[in-house]
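S.K.: In my numbering, the protein residues as written are 5 to 212.
#1: Does the stretch 195 to 202 come within contact of the stretch 161 to 175, defined as at least 3 CB pairs closer than 8 angstroms?
#2: Tell me which same chain residues have a C-beta within less than 6 angstroms of the C-beta of residue 87, skipping the five on either side of it?
#3: If we ignore side chains and look at the alpha-carbon of each, how far apart do residue 38 and residue 122 end up?
#4: Rounded C-beta distance between residue 181 and residue 102? I'm assuming under 8 angstroms.
#5: Looking at residue 124: is its Cβ nearer than 8 angstroms to the Cβ of residue 35?
#6: Quick one: measure Cβ to Cβ for residue 68 and residue 84, integer angstroms, because I've assumed they're closer than 8 angstroms.
#7: With DSSP run on the structure shown, which of helix, strand or coil describes residue 211?
#8: Which residue marks the beginning of the alpha helix (DSSP H) containing residue 37, and which one marks its end?
#9: Under 6 angstroms Cβ to Cβ from residue 141, same chain only, skipping five residues before and after it: list those, please.
#10: Using CA coordinates, which residue listed in 96, 90, 116 and 55 is at the minimum distance from residue 9?
#11: Find out if the Cβ-Cβ distance for the pair residue 18, residue 96 is shorter than 8 angstroms.
#12: Would residue 78 be called buried (16 or more neighbouring beta carbons within 10 Å of its own) or exposed?
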């Protein structure tokens with residue numbers, strides 16, 4: 005339906021809000037620190053996501069995810085798609101706590117962002133949190149894959165292309181994590197602001 009792109013962004017924000025509330029509910033100072041970092045960096049990642057979706061909406065002439073991510077053919081601007089894809093990839097790394105923005109495998113609480121919020125959770129609660137994080141990674145990766153597909157497809161070919169695209173995104177994320185060290189916390193905002201600028205330039209190009 006028209007406007008579901010806004011609903012998508014709000015649902016991502018709602019999931020973060022619930023996770024932050026769960027972290028604060030534990031009463032742990034470490035989890036409170038992680039919650040404050042999560043909200044601080046989310047305040048930069050969300051504008052990048054909104055601007056990227058606005059660029060695609062302006063480009064497609066509709067505020068629905070279907071038209072926005074379909075048929076990037078002869079009428080598409082390669083510059084806009086490249087800027088939006090780069091912005092969405094940085095947002096994916098930030099939202100899903102991947103390197104070089106966050107290290108999901110670290111054991112140093114003082115350097116954690118997302119993982120420190122779930123240190124005191126276990127059992128079904130931890131399972132739901134990890135499942136939600138996996139869903140978020142899959143959704144953000146699916147947006148990148150659908151943006152990269154040259155033509156709209158349907159049927160088994162579409163499912164095969166999506167599965168292959170998700171595998172490619174997973175490999176790219178793995179290459180980034182294995183080839184780059186985690187950046188310092190004071191440099192994380194600079195990286196996310198760069199994605200905001202890329203999405204903003206993409207939106208400007210659609211206004212020509």
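Heads up, the beta-carbon is just placed ideally off N, CA and C, and yes, glycines get one too. These numbers were taken from a predicted model, which means no experiment stands behind them.
M.R.: Taking the definition as stated:
#1: Segment contact: the stretch 195 to 202 against the stretch 161 to 175, fewer than three CB-CB distances shorter than 8 angstroms; contact not assigned.
#2: Closer than 6 angstroms at Cβ, skipping near neighbours: 202, 205 and 206.
#3: Roughly 9 angstroms separates the two Cα atoms.
#4: With 8 angstroms as the limit, residue 181 and residue 102 qualify as a contact, their Cβ atoms being about 6 angstroms apart.
#5: Yes, the Cβ-Cβ distance between residue 124 and residue 35 is below 8 angstroms.
#6: Under the criterion of beta carbons closer than 8 angstroms, residue 68 and residue 84 do not qualify as touching, at roughly 18 angstroms.
#7: Assigned with DSSP and collapsed to three states, residue 211 falls in coil, not helix or strand.
#8: Looking at the DSSP string, the run of the alpha helix (DSSP H) that includes residue 37 is 33 to 64.
#9: Cβ within range, chain order: 100.
#10: Between residue 9 and the set 96, 90, 116 and 55, the nearest pair of CA atoms involves 55.
#11: Contact: no.
#12: Because the pLDDT of residue 78 is 46, which lies under 50, any placement of that residue in the model is unreliable, and the question is left without a value.
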